[in-house]
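Remarks on the structure that follows.
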Amino acid sequence: MTVPKGRSITFVYGLVGHLHWLCFLGTTGSYGEVEQEKILAFDLGAETFREIPPPDSILHHPKIRYHVLGVLGGKLCVMSGVDDGGCEVWVMDEYGLAESWVKHHVFSQFGCEIYPFGFTSHSEFLFQVGRDDRYGLYDPVAAMTKTFKIMSNGINITKVVEHVDNLVWVAPAEHA
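If you want it as structure tokens, here you go:
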């Protein structure tokens, strides 16, 4: 039996009619439990789950430690932070085909660990630099990173959402 294990903190919605999670799947057998990081997809039309394998180099690379799932250029992607301070971005060029993962971006400029957070709607990469309050926003077109600080008062940031200005007023729900 295969079951999701641990924290499934990365989630992508609405890509090709599927919801996606990057999670650990545990296989329970007579000799114990084996966990492997997988992408779990839920087909909204067929109401079925399936596993999508992440890039082979992520599964078999001992230095990669932190991953986040996202959408880049309308395609499923994984950003991976590496222990030596680097970061790789893998894009699945043909949805659902394991062999179509392609490494699109590699950057390393900080000399410390990078913890990926996700992607903006402008295809920029957001990540935490080291274990302090420094963050980076990498623009792959300009090949430049903007760094900034977020004062967190010791509270861990678990999700970042992009604000989009909108002039449409959302009226509060009426209570009966």
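Quick note, the sequence shown lines up with residues -32 to -1, 1 to 144 if you use mature numbering (1 follows the signal peptide of the UniProt record, and there is no 0). Note that the Cβ used here is the ideal one computed from N, Cα and C, for glycine as well.
Beta-carbon proximity of residue i to residue j, cut-off 8 Å
{"i": "Gly54", "j": "Gly86", "result": "no"}
{"i": "Phe75", "j": "Tyr103", "result": "no"}
{"i": "Ser48", "j": "Ile20", "result": "no"}
DSSP-derived helix/strand/coil call for residue i
{"i": "Glu67", "result": "helix"}
{"i": "Ile26", "result": "helix"}
{"i": "Glu56", "result": "strand"}
{"i": "Ser(-25)", "result": "Low confidence applies here, because Ser(-25) scores a pLDDT of 47, under 50, leaving its location unreliable; read the following figure in that light. Strand, per DSSP."}
{"i": "Val(-17)", "result": "coil"}
8 Å Cβ shell around residue i - same chain, five flanking residues per side excluded
{"i": "Cys45", "result": "Leu37, Gly38, Val39, Val57, Trp58, Val59, Met60, His72 and Phe87"}
Expected contact under 8 Å - CB spacing of residue i and residue j to nearest Å
{"i": "His35", "j": "Pro108", "result": "In fact, because the Cβ distance is near 18 Å, the residues do not count as touching under 8 Å."}
{"i": "Leu12", "j": "His(-15)", "result": "7 Å"}
{"i": "Tyr63", "j": "Val136", "result": "Their Cβ separation, rounded to whole angstroms, is 32 Å, which puts Tyr63 and Val136 out of contact at 8 Å."}
Bridge-paired residues (DSSP) for residue i
{"i": "Gly38", "result": "Cys45"}
{"i": "Leu8", "result": "Trp(-12) and Glu19"}
{"i": "Leu94", "result": "Gly86 and Leu105"}
{"i": "Leu135", "result": "BP columns for Leu135 are empty, so no partner."}
{"i": "Cys80", "result": "Beta-bridge pairing links Cys80 to no other residue."}
{"i": "His72", "result": "DSSP lists no partner for His72."}
Neighbourhood of residue i by C-beta distance below 6 Å, restricted to the same chain and skipping five residues each side
{"i": "Trp69", "result": "Pro23, Trp58 and Met60"}
{"i": "Lys114", "result": "Leu105"}
{"i": "Phe116", "result": "Tyr103"}
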